[in-house]
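All remarks here apply to the structure that follows.
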Amino acid sequence: MLFGRGKKNPIKIADKGVKEWKYATCGYCSTGCAIEVGLNEEGRAVSSRGVGNADVNRGKLCLKGIFEHELFESDGRGTEPKIRDSFHDDWQTTDWDTALDKTYSEIRRVQEKYGRDSVAVISTGQMLTEEFYTLGKLTRGIIGTNNYDGNTTLCMASAVSGYKRSFGSDGPPGCYDDFDQTDLLIAWGSNLPEQHPIIYWRMKEAQEKSGFPLIVIDPRVTMLAQNADRHLTVTPGTDVVLMNSMMHVILDEGLEDKRYIEANTNGIEELRAEVAKYDPVTAAKICGIDEDTIRAVARQFAKAKTAMQIWTMGINQSTHGSDGVVGINNLALITGNIGIPGGTSLSITGQCNAMGTREWSSCSGLPNHRLLENPQDREDIGKFWNVDPEFFPKKRGMFQTDIYQAMELGEIKGLWLIATNPMSSLPNTARIRKAMEQLEFCVIQDCYEDTESAQYGDVYLPAGTWAEKDGVMTNTERRINVVKPVIKPHGNSKPDLWIFNRMAERFNAEKKPEDKLNFPEKAADIFLEMGKLSEGRLSDNSGMTHELIEKHRGIQWPYTKQQAEAGEAPKTKGVRLYTEDATFRYPDGKAKLIPLPFIDNNEVPDNKFPFWLNTGRLIEHWHGRTKTGKLSNNNKYSPIPFAELNPDAARELGVIAGDYIRLVSPRSDAIVMAQLTHRVPKNMIFVPFHFHDCANRLTLGLLDPHSRQPAYKQSAVRLERIEDQEAAAQMSMEMRTF
Amino acid sequence: MFQVREDEPKYAFLQDKDSKDQNRYGKPIELTTEGDALRDQSLNINNDSDIGDNPNRYKQHGFYFTADNCIACHACEAACSEKNDNAGHIAFRSVGFVEGGTYPDYRRQNISMACNHCDDPVCLKGCPTRAYTKFAEYGAVLQDPDICFGCGYCTWVCPYNAPQLDPVEGTVSKCNMCVDRLEVGLKPACVSACLGNALEFGVIENTPDDRYQVDAQIPGFPDPSITQPNIRFQQTKTLSRDMKRVDSTAIKYHRDDDAGNYQPVLDEKHGKTKHWGMKTLLASHENAHVMFTLSAQAVMGAFVMLVILGSFFGAPVIESLQASNAKIPLLLIMFGLMGTGLYKLNMHLGKPHRFYRGFNNLRHSPLSREIAGVSAFFAGLAGYTFFNFFDNAFTNFLAGASALLGLIGFAAGSYYMYKLYRIKARPFWDHWQTASTFYGTMLSLGGLLMAVVGSLFMPNSAELIKYFAMIIAFGLIIEAFGLLFHAKDLKSGSGEGQAAHYELSTTFGKTYWLRNALLVLNIILVVVISYTSLSGIGGILVGLLLTASLIAMAYLGRIIFYALVTPTTMPGAFFWKNKGFVDHARESGLADMQQLGVAYERHHKFDVKELMDTVKENSLMDMIEQAKAIVTGK
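Chain order of the listed sequences is A and B. Mapping the first sequence onto my numbering, position 23 (from 1) lands on 23, and the numbers just tick up by one. Mapping the second sequence onto my numbering, position 278 (from 1) lands on 278, and the numbers just tick up by one.
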């Protein structure tokens, strides 16, 4: 045995000199991992680690969370407010008062000129809940535009809509503990290992113990799909047909839970009549899954003691997104798989606080799932906020996607864009660009100043990011967890809450003292105000405080004032909704079984555009890459846009691995590098959506009739080999700065 | 000591209760016996003198990888880079993959790989500076960047891509097994971070909970016989007969039913089109090696001819050259060439001012021995040159002694110059052709050097030209034979060899043919000249042409030798750890973005200050100790 040196030098191992660890909740996806940020002697954030005793992540983090501390000082962070007269001019650095005054007066000017709803406020799923609540109060209570929505329309709107239609309210009924309890898992259009790595780990831990079968429905052979017991390569956009056919088999063979249906649902006869049309032979021809498999999966699902279904964008981002969610709920309801340990339909949420915005932002109505359409809700909130209930619109306004169409028509002239980047994230970039160009006033509020949308801004407000701020977030399993301000915001940027409150001061100044609205300064106080508004409602968090949440490493709602006062400690895990019979949110307590007729309105490949374009995420990137595109230890795994292309198709096109290729859709084109793999079928390419001026130049994005969510995953393109590879590389490089 | 958190989850703690006595290679797992002097020493991690209380402290540890489970989430890599504070272009651990099958019957197998802390650490043996140590504690193979001079030889010999040569820092660094965590009973950071339940760690040959295989190999993993790596595998899912690499390496792994494993075979992934590849060749960081080996071989050849053929065997042509006024210019040119070559080579190091450390590992490293041999040769050449300015008994004796030193240096230096390329992980080099080319070049370029200088300084050089033309022809023929056999053996050899030959005939196909054509042409030309000699203006022109052609041929042949080697190593991913993408990023300018994780190759300055500091900080006794350690190995 060799030992090298006898006389050894001391071993050097990097020591980042962490002096203090501060608690936060991860600001990337909605898994809701508890994270600690390590600060060194100078107070710089130098390290991140998962909190060991937090039930969600149990000490683990994904690669994005592991480097989250690097975000604070990453490239492109905004440090000073900026203004300019038009987007053709250069930015001028200014002070906060000037920037905020201009924002206030321009919003009012546009509203006076074009009407109250001509200004749109588009927010996000990225902020903290108290910030959402405050923005909602400001927008609904004083600014008064009804065109207020968030980018959650691009990710979770179909889940919200589907839950509302089935159960009478939004709110995912299950939790991560269901993985530990279930006897069968179906993943619809969800690639956990890549999109929600920590939830995947929780699932894997559970599966290694109990060995439950996993069924994955996905047109692409993802890591989850290749490890599934069954992989159903469904034809894009036809999930509803598969669901209907599974229900056909279940009802036809009497495998349904008759007692549960009777006690908990309305509409079984209408459902039965509709699914009768979807016998497996007929359905197989539409959805691309053979009849034997449909039958086998339906039986396996129905016969499992408990069965859990999860889904993500494969369902939501479709013209049948909301219907797909309803279909999943239908399957769960007819087999009694709701509200029981291991039996649930759980939407795996996208952004870190998409749930928080669903609950508290007032985008789709009023706080805590209240509806503008409901006079009592308007009355209650009006009173609580000191707003004349008549000031509220009687119906919710436009969704983000519809706002952009209205912008194209010139109906929206002012835009307040908060922590979102439609130039990259909305489908059909060319249309979005035209819409942005015709705005009279646009204010960009973002923690990054280099978002592609900022090119159309007249005011730029630099916001703090993630753990520079104070507040809570809600995760996929309804767990509210807290983010503490770990360090002060970068440069002269300010927390979004501070910005909203300063804006509120300006709007409030218009009012007589007795008509003013109250905007508390501290997040913890706002949280208590929200708690009051939640009392007795489905998402009741009136028993929680920031301190209690941190102590328990997050608390699942509901946790009520009554429970807290009775000394009942919050449960560590396993809080579910609809655990008793007839406790759904429709007046009679019963859920609706909704028939789902299928109309194929997708753009499907044809002779001119013979490939399906499927878009999606990569584990190393977050959304438009403003965060991860700057961090080499995330970005390096996929630093430039690429397309997964089937090698058989590549051979016919004369394309070899690593070639730049041109993708052309009926909208525009994009240049990507070809990665050859049998992960995708011969008539499909997969392009990650993270890169600016790439996937969304091509997407059509037809809207779901219920949720208004775009169908990002079903477009048609053609492929062209590029002769001049050097020019293509150059072009690809020039199209984005990071 | 590393701080264990109060809420540290159970999975992060090492679990080994028992262990086997011997590993599968018959080596004891307990690395030192009770009472051995190597026991109960502090690892002195960051100068902390405490000793860890891990009960298995002296047992060989290793990683365990459940290949079925890895999802390529990169959490292991991220946790490693976060802990070790590594920039994006450095990775002590990285994940690549192989894939096979036809949609939807497709499977991708990810492979997460770091250092395997081998029983036979080729890095340790190869490193000329003795920057590596295999510790009795955990059997960890650790490398000290403060000793390293950045030659990168360890990155050539390691089959797993473990040592990371940082073009920015100019030194190598690598996986340290998280010995700080092991000391307090925690698993390494990468293992604790794994989200697929794929990575495990413990005493080698132990089977983790819920696992049953303890295999030494999976498809894509290099032949474990090279280094006896301390990693074990479980891989139960059925894979396709062909598992393909997605990086640019023209390799796939093909199931060998008889052997029961997968063997690397050629995958002609970019067709058969022939390119020049000249841009890549000219930009190659290995040009320093080309300059050095060619000039050293030319000078060595000339020197040996001068001394042995001339002084020893008394070849008339060389004796007349020795007696002529060409001798001093010839020696000066040789000295200059050799000096330039050595300078180029030294300045190609990441830390050129640490050159003196190249002798540290004479006991094991062929590179150290080459450096020592070449240094002795250079000293002998210098002495021989210097004393040839005088002519008396004393200086003649010293010239003779210098010649002897030069010859000894030549013997050792030239042998180890060849030997250091006989690397198992680099099948393209691991062939006797390396020797035939190197020694052939000594004859051809050495002969050329003497012929050119001789004909410049001697009035009647017709015989001299004929004589050296014959020697050049001899050298070229030796080289040509070697190349023929090399090409034949590559085509029928291992996958990496086949892949190298495939690149040779495609990516550099036109250059390869040009080199071969020049070789044949040059042989014909020198054979003719060896009969006819050269004279007149035409002779000068032909001579010049031949000189240029010989040099061009030698350059092309040699740069191909370096640029083309396809190592036996871990598969990369599509962007990450893909040589093809790294080359593209550097050529296109994409690498200008720091967050791309690709650093440009660069030269490093000779840091006189660091050198002077080292001289000041170390007493004469220290230096003597150091020199003694080279011999004793202590």
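The C-beta atom is built at its ideal place from N, Cα and C for all residues, glycine as well. These numbers were taken from a predicted model, which means no experiment stands behind them.
- Using a CB distance cut-off of 8 Å, Asn9/A counts as an interface residue toward chain B.
- Note on geometry: alpha-carbon atoms of Ile371/B and Phe377/B lie some 10 Å from one another.
- As DSSP reads the structure, Ile685/A sits in a beta bridge with Leu613/A and Leu645/A.
- Restricting attention to beta strand (DSSP E) runs no shorter than 3 residues, the stretch 126–211 of chain A encloses them at 148–150 and 185–188, ordered along the chain.
- Using beta-carbon distances, Lys713/A does not count as an interface residue toward chain B, since no partner is under 8 Å.
- Here Thr94/A has Pro81, Lys82 and Ile83 as same chain residues with Cβ atoms under 7 Å from its own Cβ, once five neighbours each way along the sequence are excluded.
- Interface annotation for the stretch 227–258 of chain A against chain B: His231 and Thr233, criterion Cβ-Cβ distance under 7 Å.
- Annotation: the continuous beta strand (DSSP E) that includes Val472/A extends over Gly471 to Thr474.
- Using a CB distance below 7 Å, no part of the stretch 298–332 of chain A faces chain B.
- When the Cα atoms are used, Leu564/B and Glu503/B turn out to be separated by approximately 7 Å.
- The beta carbon of Ala430/A sits no closer than 8 Å to any beta carbon of chain B.
- Membership of Arg107/B in any alpha helix (DSSP H) is not indicated; the residue belongs instead to the beta strand (DSSP E) covering Asp105 to Met113.
- Selection Arg77/A, Pro10/A, Thr134/A and His369/A evaluated against Pro172/A yields His369/A as nearest (Cα-Cα).
- Sequence-ordered contacts of the stretch 51–64 of chain A with chain B read Val51, Gly52, Asn53, Ala54, Arg58, Gly59, Lys60, Leu61, Cys62, Leu63 and Lys64 [C-beta pairs closer than 9 Å].
- Across the set Tyr176/A, Asn191/A and Ala225/A, the C-alpha of Tyr176/A shows the shortest separation from the C-alpha of Glu205/A.
- Rounded to the nearest angstrom, the gap between the Cα atoms of Asp144/B and Tyr132/B is 6 Å.
- When 7 Å is used as the limit between beta carbons, Arg5/A is near these residues of chain B: Arg130 and Thr133, in chain order.
- Three or more beta-carbon pairs drawn from the stretch 67–83 of chain B and the stretch 61–69 of chain A are found closer than 8 Å, and the two stretches are therefore classed as touching.
- For Asn635/A, a Cβ of chain B is located within less than 8 Å of the residue's own Cβ.
- When Cβ pairs closer than 8 Å are counted between the two stretches, the stretch 86–102 of chain B is seen to touch the stretch 561–576 of chain B, the count reaching three or more.
- Here DSSP, grouped into helix, strand and coil, assigns Arg220/A to coil.
- Taking C-alpha positions only, Lys164/A is separated from Lys592/A by approximately 10 Å.
- Only residues of its own chain outside the window of five on either side were considered, and among them Leu504, Ser505 and Ile560 have a CB closer than 7 Å to the CB of Tyr512/B, listed in chain order.
- The residue among Asn330/A, Cys442/A and His621/A with its C-alpha nearest the C-alpha of Pro595/A is Asn330/A.
- If only complete runs of 3 or more residues are kept, the stretch 243–319 of chain A shows the beta strand (DSSP E) at 308–311, in order along the chain.
- Here DSSP, grouped into helix, strand and coil, assigns Cys70/B to coil.
- Check the Cα spacing between Leu611/B and each of Leu142/B, Phe149/B and Pro121/B: the tightest is with Phe149/B.
- The Cβ-Cβ distance between Asp180/B and Ile310/A does not fall below 8 Å.
- DSSP places Arg662/A within a strand segment (E or B) once states are collapsed to three.
- With its beta carbon at least 8 Å from every one in chain B, Asp177/A lies outside the interface.
- Closer than 8 Å to the CB of Arg515/B there is not a single CB belonging to chain A.
- Below the 7 Å Cβ cutoff, chain A contributes no neighbours of Pro219/B, its closest Cβ being approximately 15 Å away.
- Taking 8 Å as the threshold, the shortest C-beta distance from Asn176/B to chain A falls below it.
- Put simply, the backbone Cα of Tyr58/B is about 18 Å away from that of Arg24/B.
- Shown here for Gly152/B: same chain residues with a beta carbon closer than 6 Å to its own, the five before and five after excluded, namely Leu165 in chain order.
- Considering only beta carbons, the part of the stretch 268–282 of chain B lying closer than 9 Å to chain A consists of Lys269, His270 and Gly271, in chain order.
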